[in-house]
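Enquirer:
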Amino acid sequence: MAPLVEPADELTIDEVRRYSRHLIIPDVGMTGQKRLKNAKVLVIGAGGLGSPALLYLAAAGVGTLGIAEFDEVDESNLQRQIIHGQSDIGKSKAESARESIAEANPYVEVVIHPERLDNDNVMQVFEGYDLIVDGTDNFATRYMVNDAAYFLGIPYVWGSIYRFDGQASVFAPTLAEDAPCYRCLYPEP
């Protein structure tokens, strides 16, 4: 499969120091780290799945992280939504996540989309991203995410958790012939 993004021009000296462990991994190296820097990833949901995904993507050096999240931090979220803390209760999850990412990696640009995704805005929100990470917790949104990603030709990663079971898939129908999408596997909501 061809890379999703071209490498960025350069890494700064500070970025080279920060990502030095990636740079010595043969399958990442300087070119891979430059690709991460140039990548734009949208994470839908800053909850139980989106929280760790955002932190790890930021730590890895993804250059632009979008956060689509309309909810506020509740105390009951804190035991599993690790991007938020006690002082974030009542705050927008998107804003709380932005602050945590800025603290974790100041080289990452964060774009927040604090509105609820719907059929009227989903295409506009997705436009310009290289990859979508879907951490939503309802079927209607999953189907909407699938359809928008499919029609825009953006690969996406989907995950879900139910009690102690988890599922994850990568859907990239535009990168491989006859590759299925979420709706292909689960036609009925």
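Under the working numbering, the first residue of the sequence shown carries the number 10, and numbering increases by one thereafter.
Using N, Cα and C, we set each Cβ at its ideal position, and we do this for glycine too.
Quick caveat, the model's predicted, so the values are computed rather than measured.
Please name the residue, chosen from G59, V50 and L20, that lies closest to S169 on a Cα-to-Cα basis.
Expert: Stepping through the sequence shown from its first residue, residue 169 is reached at position 160. Answer by Cα proximity: G59.
Enquirer: Skipping 5 residues on each side, what residues in its chain have a beta carbon closer than 6 Å to that of T150?
Expert: Your numbering for residue 150 matches position 141 in the sequence shown. Excluding positions up to five away in sequence, the list is empty.
Enquirer: On the three-state DSSP scale, how would you describe G137?
Expert: Within the sequence shown, the letter at position 128 stands for residue 137. Here G137 sits in coil by DSSP.
Enquirer: Closer than 8 Å is the cut-off here; do at least three beta carbon pairs connect the stretch 156 to 166 with the stretch 96 to 104?
Expert: With a cut-off of 8 Å, the stretch 96 to 104 and the stretch 156 to 166 do not count as touching, because too few Cβ pairs lie within range.
Enquirer: Between L51 and chain B, is any beta-carbon pair separated by less than 8 Å?
Expert: Given the protein chain composition of this structure (a single chain), no chain B is represented.
Enquirer: So which of L13, P12 and L32 has the shortest CA-CA distance to L20?
Expert: Working through the sequence shown from its first residue, we reach residue 20 at position 11. Minimum Cα distance to L20 is reached at L32.
Enquirer: Using the three-state DSSP reduction, which class does H122 fall into: helix, strand or coil?
Expert: Residue numbering aside, residue 122 sits at position 113 when the sequence shown is read from its first letter. Strand, per DSSP.
Enquirer: Could you tell me the alpha carbon to alpha carbon distance between P164 and M132, rounded to whole angstroms?
Expert: By one-based count along the sequence shown, residue 164 stands at place 155. By one-based count along the sequence shown, residue 132 stands at place 123. For P164 and M132, the distance between alpha carbons rounds to 14 Å.
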